[in-house]
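For reference, the structure discussed in these notes is given below.
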Amino acid sequence: MDRPPGEDMSTRTWCLETTDRGRYCRLPALTRLGLTHGFSCRDLGSSEADGFLAGILGLQQLPLARLRQQHTSTVHDVSAELVKTPPVGDALVARQAGWALRLQTADCLPLLLVDTRSGHYGVVHAGWRGTLAGVLHQTLQALHSAGSGPGSTWMAIGPGIRACCFEIGTEVVTAFRARWGERTRHWMRPGAGSRPHLDLVAANRFQAAQAGVPAAQVLDTGLCTRCRRDLFFSYRGDGGATGRIITLAGRP
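Each residue of the sequence shown is one higher than the one before, counting from 0 in numbering that gives the first Met the number 0.
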């Protein structure tokens, strides 16, 4: 297992960075693994967060790759053409340094991937539809087919809605059982009312494990967007009319 020098990876800590324009959060352990990244906070807004985050993170000179996110399991390799014309999809993979990758979310999980041996990295937009369709598993397959290995792949889970707040309908439970079988009972939690709650983190941890990523190499901010509306936009918490958390990741 590859570890960054001097870092205790048993901790799952995040830090809040404060600037004169607003705040963003990151995982120091992931930074030490070689992936520059940040998740914008509410006070940065949405429309200007891209450029501001890129400048603060030192990614402003890199081509910015983005997607037309539609809750799919479609994964794209980054290219100059993709930067010019963003396609429909929900995951990006970079096979070499020199790209900045972007996601926008407001409850869905932003997942970051980096391979410490090959240097490949990626980002994944994982809401319940994408998780149901296996978007993380597809992305890890794309990374590994390009020469990355499960033993040197790390994943980080950014701010997103957690099981404490993610109430779902029976049709979602039925869809998950049809796709993933009885194991989905471990991803459902009782809610305060009659409707169950979905644990997106557990479902995506399973997909990572299924692809061979060791559990000890999954880092988690533990941040729930609905619980932490003081920091983050939340589609459910804000009643649908809200901004977006901007996630940037890159290797200059």
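In this text, a Cβ means the ideal position worked out from N, Cα and C, and glycines have one as well.
Whose C-beta lies closer than 7 Å to the C-beta of residue i among residues of the same chain, with five residues either side of it excluded?
i	result
L230	C40 and R41
G249	T35, L58, L61, W98, A99 and L100
G21	C40, D42 and L43
Taking the alpha-carbon positions, what's the residue i to residue j distance?
i	j	result
A208	A214	7 Å
A96	Y234	33 Å
A64	L100	5 Å
E170	R184	14 Å
G118	I244	25 Å
I167	P27	33 Å
A202	T173	15 Å
R178	R128	11 Å
T30	D19	22 Å
G211	F232	32 Å
A53	E181	42 Å
M187	A162	8 Å
E47	R176	40 Å
Am I right that residue i and residue j are in contact with their C-beta atoms under 8 Å? What's the rounded C-beta distance?
i	j	result
D76	V123	Actually they do not touch by this definition, with Cβ atoms about 14 Å apart.
L199	V113	In fact, because the Cβ distance is near 21 Å, the residues do not count as touching under 8 Å.
G159	D219	So it is not a contact: roughly 10 Å between Cβ atoms.
G133	Q68	That belief does not hold up - the Cβ atoms of G133 and Q68 are roughly 16 Å apart, past 8 Å.
R25	G44	Not quite, the Cβ-Cβ distance comes to about 18 Å (not below 8 Å), so this is no contact.
A93	L108	19 Å between Cβ atoms; not a contact.
Would you decide whether residue i is buried or exposed? Buried here means 16 or more other CB atoms lie within 10 Å of its CB.
i	result
C223	buried
S147	buried
G157	buried
T10	Note that T10 scores 46 on pLDDT, short of 50, meaning its location in the model is unreliable and no value can be drawn from it.
Here's a check: name, in chain order, each residue in its chain whose Cβ is nearer than 8 Å to the Cβ of residue i, leaving out the five neighbours to either side.
i	result
D49	L63, R101, I245 and L247
P251	T35, G57, L58, Q60, L61, A96 and G97
Can you find the residues in the same chain that come closer than 6 Å, C-beta to C-beta, to residue i, ignoring five residues on each side of it along the sequence?
i	result
Q137	S72 and V74
Q140	none
T104	I244
L66	P85 and G88
F165	H196 and L197
Could you tell me the boundaries of the alpha helix (DSSP H) in which residue i lies?
i	result
Q140	V134 to S144
D49	A48 to L56
V172	T169 to W179
T30	P27 to R31
L81	A79 to K83
Is any heavy atom in the ligand ZN found nearer than 7 Å to the beta carbon of residue i?
i	result
G148	For the structure depicted, the ligand ZN is absent and the ligand set is empty, with no information on it obtainable.
Tell me where the beta strand (DSSP E) around residue i begins and ends.
i	result
Q103	A99 to T104
E16	C14 to T17
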